[in-house]
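Here the structure is laid out as structure tokens; the discussion comes afterwards.
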Amino acid sequence: MILSIQDVVKRYSSHVALDRVSLEIPKGKIFGLLGPNGAGKTSLIRIITQITAPDEGQILFDGERLSSKHVEQIGYLPEERGLYKKMKVGEQLIYLAQLKGLSRQESISRLKDWFIRLDIKEWWDKQVDDLSKGMQQKTQFISTVVHEPKLLILDEPFSGFDPINANMLKDEILALKDRGTSILFSTHRMESVEELCDSIALINHSQVVLTGEKDEVRNRFKAHQFEVIFEGDLTQELQGVDLISLEMSGDQSSKKGVFKLQEAVSPNHLLGQLIPQVQVQKFQELIPSFNDIFIQVVQETN
Amino acid sequence: MNKIFLVIKREYLTRVSKKSFWIASLVAPLLLTAIYAVPIWLATRDKEVKQVAIWDGSGLFEQKDLADKEIAFQLVTGDVANIKKTFDKQGYDAFATIPADILKNPQGLKIYSEKNLSLSLKSDIERMVQNKVREILLRNAGISTLKYKETQVDISSETITVSKHGAETTSSSGGAMILAAILGFLLYLSLLLYGSQVMNGVIEEKSSRIIEVIISSIKPYQLMLGKILGVGMVGLTQFLLWIVLTVGLSTATSKFYQAPSRMATVANTSNSEELKKSVAKVESSTQPMEELNKVIESTNIPLILGSFFFYFLFGYLLYSSLFAAIGSAVESAAEAQQFTFPVMIPIILAFILAQFTMQDPDSNIAFWASIIPFTSPINMMVRLPYGVPTWEIVLSMALLVGGFLACSWLSSRIYRVGILMYGKKMTWKEISKWVFYKN
Numbered sequence: 001m002i003l004s005i006q007d008v009v010k011r012y013s014s015h016v017a018l019d020r021v022s023l024e025i026p027k028g029k030i031f032g033l034l035g036p037n038g039a040g041k042t043s044l045i046r047i048i049t050q051i052t053a054p055d056e057g058q059i060l061f062d063g064e065r066l067s068s069k070h071v072e073q074i075g076y077l078p079e080e081r082g083l084y085k086k087m088k089v090g091e092q093l094i095y096l097a098q099l100k101g102l103s104r105q106e107s108i109s110r111l112k113d114w115f116i117r118l119d120i121k122e123w124w125d126k127q128v129d130d131l132s133k134g135m136q137q138k139t140q141f142i143s144t145v146v147h148e149p150k151l152l153i154l155d156e157p158f159s160g161f162d163p164i165n166a167n168m169l170k171d172e173i174l175a176l177k178d179r180g181t182s183i184l185f186s187t188h189r190m191e192s193v194e195e196l197c198d199s200i201a202l203i204n205h206s207q208v209v210l211t212g213e214k215d216e217v218r219n220r221f222k223a224h225q226f227e228v229i230f231e232g233d234l235t236q237e238l239q240g241v242d243l244i245s246l247e248m249s250g251d252q253s254s255k256k257g258v259f260k261l262q263e264a265v266s267p268n269h270l271l272g273q274l275i276p277q278v279q280v281q282k283f284q285e286l287i288p289s290f291n292d293i294f295i296q297v298v299q300e301t302n
Numbered sequence: 001m002n003k004i005f006l007v008i009k010r011e012y013l014t015r016v017s018k019k020s021f022w023i024a025s026l027v028a029p030l031l032l033t034a035i036y037a038v039p040i041w042l043a044t045r046d047k048e049v050k051q052v053a054i055w056d057g058s059g060l061f062e063q064k065d066l067a068d069k070e071i072a073f074q075l076v077t078g079d080v081a082n083i084k085k086t087f088d089k090q091g092y093d094a095f096a097t098i099p100a101d102i103l104k105n106p107q108g109l110k111i112y113s114e115k116n117l118s119l120s121l122k123s124d125i126e127r128m129v130q131n132k133v134r135e136i137l138l139r140n141a142g143i144s145t146l147k148y149k150e151t152q153v154d155i156s157s158e159t160i161t162v163s164k165h166g167a168e169t170t171s172s173s174g175g176a177m178i179l180a181a182i183l184g185f186l187l188y189l190s191l192l193l194y195g196s197q198v199m200n201g202v203i204e205e206k207s208s209r210i211i212e213v214i215i216s217s218i219k220p221y222q223l224m225l226g227k228i229l230g231v232g233m234v235g236l237t238q239f240l241l242w243i244v245l246t247v248g249l250s251t252a253t254s255k256f257y258q259a260p261s262r263m264a265t266v267a268n269t270s271n272s273e274e275l276k277k278s279v280a281k282v283e284s285s286t287q288p289m290e291e292l293n294k295v296i297e298s299t300n301i302p303l304i305l306g307s308f309f310f311y312f313l314f315g316y317l318l319y320s321s322l323f324a325a326i327g328s329a330v331e332s333a334a335e336a337q338q339f340t341f342p343v344m345i346p347i348i349l350a351f352i353l354a355q356f357t358m359q360d361p362d363s364n365i366a367f368w369a370s371i372i373p374f375t376s377p378i379n380m381m382v383r384l385p386y387g388v389p390t391w392e393i394v395l396s397m398a399l400l401v402g403g404f405l406a407c408s409w410l411s412s413r414i415y416r417v418g419i420l421m422y423g424k425k426m427t428w429k430e431i432s433k434w435v436f437y438k439n
């Protein structure tokens, strides 16, 4: 585990931001931190980045108690991006890298590599003010990863990127993961969760309400519903199965039905009853999207 | 520690590499040199000789009495009404009529001119007539001109400070006041100037949102301290540039003026009389500088400079930490204004108190103003040239250091909370709560 968060409590004067939060964040994986606005994600991230300290509980970083020496092994891209507007791109990145413990020479050589990789060499002497929003985002991403952190914390990394740059960023994130970087990924965008994350945790009202590996979580939320496209009419009552919906399918000649299996009924049992009656064209289990899971869990826990 | 140094370096270099820094560093010495050089230039400049016609109704004046370096007087005779109409066509700048009873009626002198008469020409004519009239009156009273000149003594005093141990130092209280005022004013300006630079730097980091990135790398107090020290070093650099440039420029200026006039005196004997006068004028106009030099020689320069450095440093540290706390609580410079007022008040108050301190450096007001941390930097600097007992200086310095520690503790408590607060309307009540927040 790169991070082991144990019973962390954070109180502010008017509310509790984190209420006994415990999470295990595995090494070399992408971990999605999900939750509605105000759930406590930023509070948790600020404790991990040591901007604030927890009131109770503790955090282990790679097995050691989290302390200021770990600052240099963490890279943090906050949701609200920001750079010194009146500073040149190169100088600024060198400064930020030095704050993360790199020497000046080391910073320059690594940054030069990044600038060549991302094909942005001509930005080096430009003032941040003169860059477009997207260029500033790229610059800031480099500042987050240049010191090759063991743990990378990305808070809504795709906001403000156009699709082309978002793809480039996604490739960079996956490349970092392949090189062994552990990534904590906080987002609202469920499609990027499906695409990138290995595990997730959902926080609502200051508490962890759901956690697990992506596929395992999805399986947990399977509703045992099957979508069947078929030709012909259903004439006989089906045993152990509820019909949720039935409608005409695209070309009017076929129908689409959604069936829910009752407790301890297998898909084969449904199929066995359908085959004598209709021509089955498609039979597939409905797997819930993370969007659905998110909405369902948040509503349940509210 | 290493990271604080990085912050200091960034704060220092970004400011020193700005054009505005160099403009401010150059313009102030140029202005000071101009204040010093322009009067000298005006004095040495060749003056246009004015032509004045004198109509003498008293018969006391002769053409040989009228020799003057700056004005060519010419006795004229004829009809006054006629001359009044024609004097400017004859090339005169002014026309003066001396009444027959000038000895009894000193107000009877009339001066006519086409354009408005310049004050200096008016007084020059009056002086000429007055000298002649006085001479005649003295002679009539039986006093010789020589005797009269002997009565014109000029009393001036030398002030001497006697210490408790009996050591005497000559001081010039006028000069001490000038030195005190300059130092006090410099401190006042720099506290306001560099304090608000710190505040604006904090606001910049907060409003550009870079703050969160930075404080995930270093502790908030390290960032605050680094910024304060960096800006403080910019201030010291600027002072150093001001001093070096001003001394350099004014030395060069006085060399430039002295050299040609000396050479001219030697080379051109026909005009030597006139030149000696202009050289004398240069010397008289540099007299305040000599006076100041005398003060500088009579005061303890290492003590003054050392104290200036100390009071600038700690006064600046105290106030700029408060400015940093204010900057952290707001999101824009406009919003900051209402909060800066309580910090500006003690600075302005200290400056006002300094006027009293200057007039009476041993009064109770002066004592307390130079002891209490918030007003002591300016007021102690003002008092120092007059001599201050060592224990008072030590107490004042100790309290200032203590005040700085207290203020920076308070400020860093506010700062660490403030920099992460957005979208909240700030009040003093809210800010005072932050002091007691846990980390």
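Top to bottom, those sequences are chains A and B.
By the count of the UniProt record's numbering, the first sequence reaches residue 302 at its end, each step adding exactly one.
By the count of the UniProt record's numbering, the second sequence reaches residue 439 at its end, each step adding exactly one.
The C-beta atom is built at its ideal place from N, Cα and C for all residues, glycine as well.
Handout entry: Beta bridge counterpart(s) of residue 283 of chain A as assigned by DSSP
Key = A:228
Practice task
Using a Cβ cut-off of 8 Å (strictly closer), state whether residue 110 of chain A contacts chain B.
Solution key: no
Problem - Other residues of its chain near residue 333 of chain B: CB distance less than 7 Å, five sequence neighbours each side excluded - result: 200 and 203
Practice task
Flag residue 130 of chain A as yes if its beta-carbon sits less than 8 Å from any beta-carbon of chain B, otherwise no.
Solution key: no
Exercise for the section: Any chance you could list the beta strand (DSSP E) runs of at least 3 consecutive residues sitting entirely within the stretch 7 to 37 of chain B, in chain order? Expected result: none
Exercise for the section: Given a cut-off of 8 Å, decide if residue 206 of chain B and residue 331 of chain B are closer than it, judged by their beta-carbon atoms. Expected result: yes
Practice task
Go ahead and pull the three-state DSSP assignment for residue 140 of chain B.
Solution key: helix
Handout entry: Buried versus exposed, by CB contacts within 10 Å (16 or more), residue 151 of chain A
Key = buried
Handout entry: Sheet register partners of residue 76 of chain B (DSSP bridge)
Key = B:55
Exercise for the section: Run down chain A in chain order and give the residues with a C-beta less than 8 Å from the C-beta of residue 6 of chain B. Expected result: 95, 98 and 99
Exercise for the section: Could you check the C-alpha separation between residue 283 of chain B and residue 6 of chain B for me, to the nearest Å? Expected result: Low local confidence applies: a pLDDT of 46 at residue 283 of chain B is under 50, so the model's placement there is unreliable, with the coordinate-based value given in what follows. Computed Cα separation, rounded: 52 Å.
Exercise for the section: Give a yes or no on whether 8 Å exceeds the smallest Cβ distance from residue 83 of chain A to chain B. Expected result: yes
Handout entry: the stretch 154 to 164 of chain A in contact with the stretch 185 to 192 of chain A per 3-pair CB rule at 8 Å
Key = yes
Handout entry: chain B residues whose Cβ lies nearer than 8 Å to that of residue 49 of chain A
Key = 216
Handout entry: Burial state of residue 137 of chain A, where buried means 16 or more other Cβ atoms lie within 10 Å
Key = buried
Practice task
Mind listing, in chain order, the continuous alpha helix (DSSP H) runs of no fewer than 4 residues lying wholly within the stretch 144 to 221 of chain A?
Solution key: 163 to 178, 190 to 196 and 214 to 220
Handout entry: Validate contact between the stretch 259 to 274 of chain A and the stretch 230 to 242 of chain A using beta carbons, cut 8 Å, 3 pairs
Key = yes
Problem - Simplified DSSP assignment, three categories, for residue 160 of chain B - result: strand
Exercise for the section: Would you grab the beta carbon distance between residue 348 of chain B and residue 357 of chain B for me? Rounded to a whole angstrom, and I think it's under 8 Å. Expected result: Going by Cβ atoms, the distance from residue 348 of chain B to residue 357 of chain B rounds to 15 Å, so no, they are not a contact pair.
Problem - C-beta atoms of residue 311 of chain B and residue 381 of chain B nearer than 8 Å - result: yes
Problem - Interface positions of the stretch 12 to 35 of chain B facing chain D (Cβ-Cβ less than 8 Å), listed along the chain - result: The chain labelled as chain D is not found among the protein chains of the depicted structure, namely A and B.
Problem - 7 Å CB neighbourhood of residue 91 of chain B in its chain, flanking five on each side removed - result: 51
Practice task
Thinking residue 65 of chain B and residue 98 of chain B are a contact (beta carbons under 8 Å), I'd like their distance in whole angstroms, please.
Solution key: Residue 65 of chain B to residue 98 of chain B, Cβ: 12 Å. No contact.
Problem - C-beta atoms of residue 200 of chain A and residue 282 of chain A nearer than 8 Å - result: no
Problem - Supposed contact pair residue 297 of chain A and residue 208 of chain A - C-beta distance, whole angstroms, cut 8 Å - result: Contact flag wrong, Cβ pair sits at about 11 Å.
Problem - Cβ of residue 212 of chain B within 8 Å of any chain A Cβ - result: yes
Handout entry: Nearest to residue 413 of chain B (by Cα), restricted to the options B:336, B:314 and B:224
Key = B:224
Problem - Per-residue DSSP class, three states only, for residue 236 of chain A - result: coil
Practice task
Report all residues from its chain with a CB closer than 8 Å to the CB of residue 70 of chain B; omit the five preceding and five following residues, and keep chain order.
Solution key: 47, 49, 50 and 124
Exercise for the section: Name, in chain order, the residues that DSSP records as bridge partners for residue 6 of chain A. Expected result: A:58
Exercise for the section: Pick out the complete alpha helix (DSSP H) segments inside the stretch 288 to 375 of chain B, 4 residues or longer, and give them in chain order. Expected result: 301 to 329, 333 to 359 and 364 to 369
Practice task
Figure out for me which residue from A:16, A:269, A:97 and A:204 has the closest Cα to the Cα of residue 295 of chain A.
Solution key: A:204
Problem - Residue range of the unbroken beta strand (DSSP E) whose run includes residue 246 of chain A - result: 241 to 248
Exercise for the section: Just confirm the distance between the C-beta atoms of residue 350 of chain B and residue 378 of chain B, as a whole number of angstroms; I'd bet it's less than 8 Å. Expected result: 4 Å
Problem - Unbroken stretches of the alpha helix (DSSP H), 4 residues or longer, contained in the stretch 38 to 112 of chain A - result: 41 to 48 and 89 to 99
Handout entry: Nearest-angstrom Cβ-Cβ length linking residue 88 of chain A and residue 43 of chain A, presumed shorter than 8 Å
Key = About 34 Å separates the two Cβ atoms, so there is no contact after all.
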